[in-house]
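Enquirer: Take this structure first; my questions come after.
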Amino acid sequence: MIKMNEKYVKELILLLLFAMIYTSLESNCEFWIEDDFHPFVPKSEEAREEYCGFFKQMNLSRNELMDTIRKWASKYGVLEQFDNYVDEELRYENMVYDIFKDKVNSTCGSEKIKRTLFEITDLLTDRDIAQQTIQTKIDEIINNLNERERMELTQLWAILGEEAIIEAQDKMENGNSTREAVENTTQIDNFKSEIVKDNDKILISN
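So this is what it looks like as structure tokens:
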């Protein structure tokens, strides 16, 4: 029987979650090269070090983090550019989650896992909860699932989340399909095939 390491499941789900929603909160930006920084980030080393340092403050909620960065942006004269960037990111984020919720509602997954997906989504979209608290609550949710439920949760989040991202990107580009979207769709199809194989193995082993 296929076993999924609990720590691996948590890390995978968190990785997928933060990939979906925290597109503007990259905690490893100290390793970025020149082209990786957002347009509003000044080129000075001091400004960039301060900017990267904000994302290590996991005790802050998203609203608190944004307030902190706005003060930084005002200090370096890039507040307008930052606000414009955040407005666009929030529009994209809301679009992703609207699409994601629709997909969860229409999926044939178990009702328990659907409820769990919505519970996690509500946590992630709460801008007043500290990021560390969100991570702790997600850990607790996952701990209350058995192995098969964790696998279903991970698979549905990976597939539906990626599909939601692709559709949102497409809508943000005024409905024009992109090469990247096509490539991502192919990757999703391949991933679905692997999931079917894994589920078959589980059924056989049982």
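Throughout the sequence shown, residue numbering follows mature numbering (1 follows the signal peptide of the UniProt record, and there is no 0), covering -27 to -1, 1 to 179 in sequence.
The beta-carbon is built from N, C-alpha and C at its ideal position, and this holds for glycine as well.
This structure is a prediction, so every number in the text was calculated from the model and none was measured.
Ile102 to Leu96, Cα distance in whole Å?
Expert: As a working mapping, residue 102 is identified with position 129 in the sequence shown. As a working mapping, residue 96 is identified with position 123 in the sequence shown. Ile102 and Leu96: Cα-Cα distance of roughly 8 Å.
Enquirer: Can you check which of these residues, Leu33, Val77, Ile42, Arg35, is closest to Cys25 by C-alpha distance?
Expert: Residue 25 sits at position 52 when you count from the first residue of the sequence shown. Of Leu33, Val77, Ile42, Arg35, the residue nearest in Cα terms is Ile42.
Enquirer: Does the stretch 131 to 146 come within contact of the stretch 65 to 85, defined as at least 3 CB pairs closer than 8 Å?
Expert: Yes: at least three Cβ pairs fall under 8 Å.
Enquirer: Just mark Gly134 as buried or exposed, buried being the case when its beta carbon has 16 or more other beta carbons within 10 Å.
Expert: Translated into the one-based positions of the sequence shown, residue 134 becomes position 161. With 16 or more other Cβ atoms within 10 Å, it is buried.
Enquirer: With burial defined as no fewer than 16 other Cβ atoms inside 10 Å of the residue's Cβ, what is the status of Arg35: buried or exposed?
Expert: Here residue 35 refers to the residue found at position 62 of the sequence shown. Buried.
Enquirer: For Glu146, decide whether its Cβ has a neighbour in chain C, counting only Cβ atoms nearer than 8 Å.
Expert: Among the chains in the structure shown there is no chain C, since it carries only a single protein chain.
Enquirer: How is Ser79 classed by DSSP in three states: helix, strand or coil?
Expert: One-based indexing of the sequence shown puts residue 79 at position 106. It is helical.
Enquirer: Where does Ser17 sit, in a helix, a strand or coil, going by DSSP?
Expert: Position 44 of the sequence shown, counting from 1, holds the residue named residue 17. Three-state DSSP puts Ser17 in coil, outside helix and strand.
Enquirer: Which whole-angstrom value is the C-beta distance of Leu38 and Phe27, which I expect to be below 8 Å?
Expert: Walking along the sequence shown from the start, residue 38 turns up at place 65. Walking along the sequence shown from the start, residue 27 turns up at place 54. Correct: roughly 6 Å between the Cβ atoms.
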